[in-house]
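Take a look at the structure set out below.
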Amino acid sequence: MPLPIEIVLFIFLLTTAVVIARLEDLFAAAMLTGIFSLLSAGLFTIMDAVDVAFTEAAVGAGVATVFILCTLSLTAKREYQQPTRILPFIVVGITGAALIYGTLDMPAYGDPDAVPHGHLSAKFIEIEEKAFLSQDKHAAEPAQHGSGEKAVGLPNIVTSILASYRGYDTFGETAVIFTATIGVMLLLRTRRREKKVSPPNRDQMETTS
Amino acid sequence: MREKIILRVVSKAFIPFIFLFALYIQFHGDFGPGGGFQAGVVFAAGIILYGVIFGLDTMRLAVPERLMEYGIVLGLILYGGVGIVSLISGANFLDYDVLNAHDPTHGQHLGILLVELGVGITVTCAMTTIFYALAGRGEK
């Protein structure tokens, strides 16, 4: 049974999404995407995913909204009016229905018997718990990490998994952020060097080519 | 938005706390929720708020564009560097156990702290650089 607050947040979320899709004023739509992210952050907090909530609140509600506003200041403030077309609507409808159909197969929220909880997660929790408890009793067996398995020994198991067990993945993610930023810089940046470059003789180039 | 006095005063009061909170998320990530990525985006949100309120030119004085660009690389190098150090010390890449000669758990703590710091620096600088790239276009 979902909590009342969850139902309220979901209704707000849905309303915001519909309003964003229907709005023609892009400035208002940009602000509403921020509100959408804030509501999602609230939902994540209720689901005990505080890490994700942090990210959603800071990136979605904060930084991304500013980025969208920056983009709007470079382009148009209002949506270009187009005649309503039926084909895109059908495509989106079918995709949405397929996604909802897909969620029917997912395990119930918080189900301890769900498949992802059965393999590695259980193992990680077992190893870390053992190491942490032995640490608390301290002295006697400080580095006695279970039966041959090495534990990280941090109180926050999420950090242990992200930064140590899955250190490779996180390194890759950081590299992805690096690469993405380089891409954005190459695409968007206007360099001060521009002044030095003599205006290329475009007419000449066009005539020669 | 420099002429909006309420925005200016309120944001000026808030920005230090945003940074403080970001540092808390960064360095308390071992014990509570949070970590490098979360801290990085919160820190960047503070910097970008400053830029939005006080203008790009003031922001460039506070956080130089060049510094942010170097930061993106520095964070990644810090992360990779920890891996290389553990490699040189005779363990696998990114195996932090060897970072402390006496207690592998302390080695893990140190390794995770450094690695998360690397992620935090990269994310902060990446977000700020993207903001500079986007907002800088509007200037001309």
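Protein chains in written order, with this note's numbering: chain A, 2 to 210; chain B, 56 to 195. For every residue, glycine included, the Cβ atom is placed at its ideal position computed from N, Cα and C.
Going straight from the alpha carbon of P117/A to that of E127/A, what length do you get? If you take the alpha carbons of P117/A and E127/A, they lie about 15 Å apart.
Run down chain A in chain order and give the residues with a C-beta less than 9 Å from the C-beta of V118/B. The premise fails here: V118/B is roughly 15 Å from chain A at the closest Cβ pair, so nothing lies under 9 Å.
Exposed or buried, I91/A, counting other C-beta atoms within 10 Å across all chains shown (16 or more means buried)? exposed
Could you compute how far the alpha carbon of G111/A sits from the alpha carbon of A98/A? Here the alpha carbon of G111/A sits roughly 24 Å from the alpha carbon of A98/A.
Buried or exposed: where does A52/A fall if 16 or more other Cβ atoms within 10 Å of its Cβ makes it buried? The residue asked about is misnamed: residue 52/A is Asp in this sequence, not Ala. D52/A comes out buried.
Report the option in F82/B, Y134/B, V64/B whose CA atom is closest to the CA atom of F172/A. Y134/B
What would DSSP say about G84/B, mapped onto helix, strand or coil? coil
Contacts around A115/A, its chain only, beta-carbon distance under 8 Å, and the 5 residues preceding and following it disregarded: Around A115/A: P108, A109.
In terms of residues, what are the limits of the alpha helix (DSSP H) holding E174/A? 168–189
Could you list which residues in chain A have their beta carbon closer than 7 Å to that of T184/B, in chain order? Using a Cβ-Cβ cut-off of 7 Å, T184/B is close to T182, M186 of chain A, given in chain order.
Our contact map puts V174/B next to F92/B with C-beta atoms below 8 Å; I'd like the distance itself, whole angstroms only. 6 Å
For N157/A and G162/B, which I take to be in contact (beta-carbon distance under 8 Å), what is that distance rounded to the nearest angstrom? Contact flag wrong, Cβ pair sits at about 17 Å.
Name the DSSP beta bridge partners of D26/A, please? R79/A
Using DSSP with H/G/I as helix, E/B as strand and the rest coil, what is E127/A? helix
Helix, strand or coil for G111/A, going by three-state DSSP, please let me know. coil
Can the beta-carbon of I73/B be found less than 9 Å from the beta-carbon of F55/A? no
According to DSSP, is D152/B helix, strand or coil? helix
Determine, for I178/A, whether the minimum Cβ-Cβ distance to residues of chain B falls below 9 Å. yes
D150/B: buried (16+ other C-beta within 10 angstroms of its C-beta) or exposed? buried
Contact set between the region 134–149 of chain B and chain A, restricted to residues whose Cβ is under 8 Å from the partner: Y134, G135, G138, F148, L149
Reference A68/B; option with closest CA among L165/B, G101/B, L168/B, V118/B: Each of L165/B, G101/B, L168/B, V118/B was checked against the Cα of A68/B, and the nearest Cα belongs to G101/B.
Is T66/A buried or exposed, if buried means 16 or more other CB atoms sit within 10 Å of its CB? It is buried - the Cβ of T66/A has at least 16 other Cβ atoms within 10 Å.
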